[in-house]
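Every number in the numbering used here is 184 more than the matching position in the sequence shown, counting from 1.
Glycine residues also receive a C-beta, built at the ideal position from the N, C-alpha and C atoms.
Written below as structure tokens is the structure these notes are about.
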Amino acid sequence: MRIPARAKSYIAATHKNGLLRGRSGNKFVPDEPTTRAEAAVLFQRFPF
């Protein structure tokens, strides 16, 4: 999947700040469903 240009800076910022790290092999797969485990890790990392 091609990532829209308008989304690239947001995705890069979440990766740079450690919120999203991608799946194995550092892959970003936006068309795949998010697992409960991935959602839990994201909420744990999010700086409220």
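Just reading off the alpha helix (DSSP H) that residue i is part of, what are its end residues?
i	result
R229	220-229
Tell me the DSSP secondary structure of residue i in three-state form.
i	result
R190	helix
Identify every residue that forms a DSSP beta bridge with residue i.
i	result
R207	K211
Which residue wins for smallest C-alpha separation from residue i, given the options the options?
i	options	result
E222	P188, I195, L203, A191	L203
F230	F212, K200, S208	K200
F212	F232, A189, R190, A196	A196
Compute the Euclidean distance between the alpha carbons of residue i and residue j, then round it to the nearest angstrom.
i	j	result
I187	G206	14 Å
K192	P217	19 Å
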